[in-house]
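Below is one structure, written out as structure tokens; comments come after it.
Numbering (the working numbering), first residue to last: 195 to 797.
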């Protein structure tokens, strides 16, 4: 009986051995599974800048960093929470771990499009680097997931680094074949139209100009804008899908046409524009029109204002002697206008300004606007009109979503009134506009109340007016001052205070841009001879004053593509018309520094 005990143990030993072997096999299987996992995020440490990431706001910095030499720094602003995202290819019905290191207040890390439950994790306060992590499982048919990080509205900047998504990689397949049949279409002085044959399996196409990718499109045609007149360019196209980009197509070349004349504006190739305080006084002092130096090519008399906001009845009341000591008589003022015109200068009436809200809500107001403005022009023998609508003069109704086909009465009536005035006075009528960045360049991100409502209805509200009158418009000089940060075509926010802001804002006008991010709704570029850069003459004149050196940098970059700094323009525009300033009075107060900068640059 005792001898039977060892025999009884043999099955137990065998069982333990089998269990051990099974455990080893399980470990081996788990190791094999882990070996198949990979970090699917591209450039998760931001060592290659923002390559692979799509950011509404943000840039890479060298400090602070969690590891390596770079990290992301993004700053929420207004209605933007500074989201950075990346879409990766995944496998259906698979487990993934998302992690990253963050700093700042209210930093979020998450994944969307999982096919199951989208996940996010966040830190309310992370004064130093803190690791965030979460997990999810993809749905049975999910092949792509978007990972993202963002801050929160109204809070400060946040930092993110070493973002990873670990799990099995998806089947990416092969890049498509290169496109064929690339050819040129309409060629202008600043643009070239391209078309090509569709490629099977392509989800989009990348367009290259002289070896540099300039845009991506979904269809089989594109117009490359922002080109220089009388210049040869080489173009190629590559097909794109989830697996990557194809080889590039054969090259086609095109030479842009000679510069557009821009009509008989009567302006010199490069013009200096300034506002003259003709109806009020402030700390800059009164300047008589006859005392304005010859350097000023366009003089905007500020301001004509309405009797009431919605009347359309515009009056121009000259500054009284009690308020403006030394003011000239009406006869002297009119004689000075004629003398300026004899010297080749243009004198305009500017309507609006900070206090002159104008809302043409009815056709009666539109007609009164035409009548009253005509009366001012005729009485003083002026050359044209400047539209300086600010504040709440222009806004878009909730159903007004297409800048090419506006519906809002104040927009439609203003367009009609300006076209009537242009037709009345003929080709020599000078029409200029001085909108704020909020009404123009902000339209790259936001247009009116937006698809879901809640946005400021004034966002981008000048775009339909500019577009409808682009063939009649002599000059657009956006006020690059008193502005918040504005996103440029590099998808980075730009702030006042240096050449970079003026370069980015002007590049948008000369390149064109998708309105509210819609690639199928592009605001076309203006001609270079239609654009001047608006700047304050002195620090007293407005926020955003820059030194003469920064003015020169901006002009160098835009007209010569030198001295550009961090922003890369989409073209070179030697025909840029010039500079505008608020104001002639303030420049006189500042010792004519702005005028001297212009004269020194353009001669």
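Idealized CB from N, CA, C, for every residue including glycine.
*Beta-carbon proximity of residue 494 to residue 501, cut-off 9 Å*: Working through the chain shown from its first residue, we reach residue 494 at position 300. Working through the chain shown from its first residue, we reach residue 501 at position 307. One thing to note: residue 494 has its Cβ no nearer than 9 Å to the Cβ of residue 501.
*Would you say the segment 706-718 touches the segment 446-453, given that touching needs at least three Cβ pairs under 8 Å?*
Not touching, per the Cβ criterion.
*Is residue 718 near the ligand MN, judged by its Cβ being under 8 Å from some heavy atom?*
Absent from the structure shown: the ligand MN. Ligands present: none.
*Spatial neighbours of residue 335 within its chain, please: CB distance less than 6 Å, with the 5 preceding and 5 following residues excluded, ordered by chain position.*
Sequence index remark: in the chain shown, residue 335 carries index 141 (1-based). Same-chain partners within the cutoff: 286.
*asked:* Tell me the rounded alpha-carbon separation between residue 789 and residue 797.
replied: Translated into positions along the chain shown, residue 789 becomes position 595. Translated into positions along the chain shown, residue 797 becomes position 603. Pairing residue 789 with residue 797, the inter-Cα distance amounts to about 11 Å.
*Quick one: measure Cβ to Cβ for residue 238 and residue 719, integer angstroms, because I've assumed they're closer than 8 Å.*
On the chain shown, residue 238 is found 44 positions in, with the first residue counted as 1. On the chain shown, residue 719 is found 525 positions in, with the first residue counted as 1. Taking 8 Å as the upper bound for CB-CB distance, residue 238 and residue 719 are not in contact here, some 36 Å apart.
*From 417, 347, 396, residue whose alpha carbon lies closest to that of residue 715*: Locating residue 715 in the chain shown gives position 521, counting from the first residue. Comparing Cα-Cα distances from residue 715 to each of 417, 347, 396, the minimum goes to 417.
*Rounded straight-line distance, which links the Cα of residue 445 to that of residue 423*: Working through the chain shown from its first residue, we reach residue 423 at position 229. Working through the chain shown from its first residue, we reach residue 445 at position 251. Answer to the nearest angstrom: the Cα atoms are 20 Å apart.
_Taking a contact to mean a Cβ-Cβ separation below 9 Å, would you say residue 305 touches residue 337 in this structure?_
Taking the chain shown and counting its residues from 1, the one referred to as residue 305 is at position 111. Taking the chain shown and counting its residues from 1, the one referred to as residue 337 is at position 143. In this structure, residue 337 does not lie closer than 9 Å to residue 305 by Cβ.
*Classify residue 760 as buried or exposed, calling it buried when 16 or more other Cβ atoms lie within 10 Å of its own Cβ.*
Counted from its first residue, the chain shown places residue 760 at position 566. Around the C-beta of residue 760, fewer than 16 other C-beta atoms lie within 10 Å, and the residue is accordingly described as exposed.
*If you run the structure through DSSP and keep just helix, strand and coil, what is residue 673?*
In the chain shown, residue 673 corresponds to position 479, counting from 1. Residue state, collapsed to three classes: strand.
_Since residue 792 and residue 478 should fall inside the 8 Å C-beta cutoff, what is the C-beta to C-beta distance between them, to a whole number of angstroms?_
Start at 1 with the first residue of the chain shown, and residue 792 comes out as number 598. Start at 1 with the first residue of the chain shown, and residue 478 comes out as number 284. Not confirmed; about 18 Å, so no contact.
*Do residue 522 and residue 483 come within 9 Å of each other at the CB atom, strictly closer than that value?*
Working through the chain shown from its first residue, we reach residue 483 at position 289. Working through the chain shown from its first residue, we reach residue 522 at position 328. Contact annotation: residue 483 and residue 522 have beta-carbon atoms nearer than 9 Å.
*Going along the chain, which residues of its own chain have a beta-carbon closer than 7 Å to the beta-carbon of residue 462, five neighbours each way excluded?*
The residue given as residue 462 occupies position 268 in the chain shown. Scanning its chain for C-beta atoms nearer than 7 Å, with the 5 sequence neighbours on each side dropped, one finds around residue 462 the residues 491, in chain order.
_Cβ-Cβ distance between residue 595 and residue 637 below 9 Å_ = Residue 595 sits at position 401 when you count from the first residue of the chain shown. Residue 637 sits at position 443 when you count from the first residue of the chain shown. No.
*List the residues that DSSP assigns as beta-bridge partners of residue 712.*
For the purposes of this step, residue 712 is taken as the residue at position 518 of the chain shown. Its beta-bridge partners are 709.
_Taking 8 Å as the limit between beta carbons, can you name the residues of its chain near residue 554, skipping five residues before and five after?_
Here residue 554 is taken as the residue at index 360 of the chain shown, counted from 1. The answer, listed in chain order, is 504, 506, 560, 563, 603, 604, 607, 608, 611.
*Rounded straight-line distance, which links the Cα of residue 680 to that of residue 687*: Position 493 of the chain shown, counted from the first residue, corresponds to residue 687. Position 486 of the chain shown, counted from the first residue, corresponds to residue 680. Rounded to whole angstroms, residue 687 to residue 680 spans 5 Å at the Cα level.
_Local Cβ density within 10 Å of residue 257, reported as buried at 16 or more and exposed below that_ = As a first step, residue 257 is located in the chain shown; it is residue number 63 there, counting from the start. Around the CB of residue 257, fewer than 16 other CB atoms lie within 10 Å, so the residue is classed as exposed.
*Under a three-way DSSP split, which group does residue 522 fall into?*
Working through the chain shown from its first residue, we reach residue 522 at position 328. DSSP, reduced to helix, strand and coil, places residue 522 outside both helices and strands of the structure shown, so it counts as coil.
*What do you reckon, are the CB atoms on residue 589 and residue 651 nearer than 9 Å?*
Taking the chain shown and counting its residues from 1, one reaches residue 589 at position 395. Taking the chain shown and counting its residues from 1, one reaches residue 651 at position 457. For residue 589 and residue 651, yes; Cβs fall inside 9 Å.
*Please name the residue in 514, 361, 469, 754 whose C-alpha comes closest to that of residue 779.*
In the chain shown, the residue the question calls residue 779 occupies position 585. Nearest C-alpha to residue 779: 469.
_Integer-rounded CB distance, given that residue 267 should sit under 8 Å from residue 353_ = Here residue 353 corresponds to residue number 159 of the chain shown, with the count starting at 1. Here residue 267 corresponds to residue number 73 of the chain shown, with the count starting at 1. At roughly 5 Å, the Cβ-Cβ gap stays under 8 Å, so residue 353 and residue 267 are in contact.
*Mind checking which residues open and close the beta strand (DSSP E) that includes residue 499?*
Here residue 499 corresponds to residue number 305 of the chain shown, with the count starting at 1. Here the beta strand (DSSP E) through residue 499 covers 492-500.
*What separation, rounded to the nearest whole angstrom, lies between the Cα atoms of residue 513 and residue 472?*
Within the chain shown, residue 513 is the residue found at index 319, counting from 1. Within the chain shown, residue 472 is the residue found at index 278, counting from 1. Taking the CA atoms as reference points, residue 513 sits about 6 Å from residue 472.
*When the Cα atoms are used, what is the spatial distance from residue 782 to residue 751?*
In the chain shown, residue 782 corresponds to position 588, counting from 1. In the chain shown, residue 751 corresponds to position 557, counting from 1. Each residue's alpha carbon lies about 27 Å from the other.
*Return the CA-CA distance between residue 591 and residue 601, expressed in angstroms with no decimal places.*
Along the chain shown, read from residue 1 onward, the residue named residue 591 stands at position 397. Along the chain shown, read from residue 1 onward, the residue named residue 601 stands at position 407. Spanning the two alpha carbons is a distance of roughly 8 Å.
*Can you tell me which of 380, 646, 277, 414 puts its alpha carbon nearest to the alpha carbon of residue 374?*
Position 180 of the chain shown, counting from 1, holds the residue named residue 374. The residue with the shortest Cα to Cα distance from residue 374 is 414.
*Specify, as a first and last residue, the run of the beta strand (DSSP E) that residue 328 falls within.*
For the purposes of this step, residue 328 is taken as residue 134 along the chain shown, with counting starting at 1. Residue 328 -> beta strand (DSSP E) spans 313-331.
*Give every residue of the same chain whose Cβ lies closer than 7 Å to the Cβ of residue 736, excluding the five residues on either side of it in the sequence, and list them in chain order.*
Translated into the one-based positions of the chain shown, residue 736 becomes position 542. Closer than 7 Å at the Cβ level, and outside the excluded window around residue 736, lie 675, 676, 730, 776.
*Roughly how far, in whole angstroms, is the beta-carbon of residue 649 from the beta-carbon of residue 640, given that I think they are within contact range, below 8 Å?*
Numbered from its first residue, the chain shown carries residue 649 at position 455. Numbered from its first residue, the chain shown carries residue 640 at position 446. With a contact defined as Cβ atoms closer than 8 Å, residue 649 and residue 640 qualify at about 5 Å.
*Answer yes or no: does any C-beta atom of chain B fall closer than 9 Å to that of residue 506?*
In the structure shown, chain B cannot be found, because there is only a single protein chain.
*Cα-Cα, which of 312, 515, 532, 614 is closest to residue 567?*
Position 373 of the chain shown, counting from 1, holds the residue named residue 567. The residue with the shortest Cα to Cα distance from residue 567 is 614.
*CA nearest to the CA of residue 668, picked from 623, 634, 662*: As a position in the chain shown, residue 668 is number 474, starting the count at 1. Checked all of 623, 634, 662; the closest Cα to residue 668 is 623.
_Which residue marks the beginning of the beta strand (DSSP E) containing residue 751, and which one marks its end?_
Within the chain shown, the letter at position 557 stands for residue 751. Looking at the DSSP string, residue 751 is not in any beta strand (DSSP E); the run it does join, the alpha helix (DSSP H), is 742-754.
*Leaving out the 5 sequence neighbours to the left and right, which residues in its chain are closer than 7 Å to residue 598 when beta-carbon positions are compared?*
Residue 598 sits at position 404 when you count from the first residue of the chain shown. Hits under 7 Å: 661.
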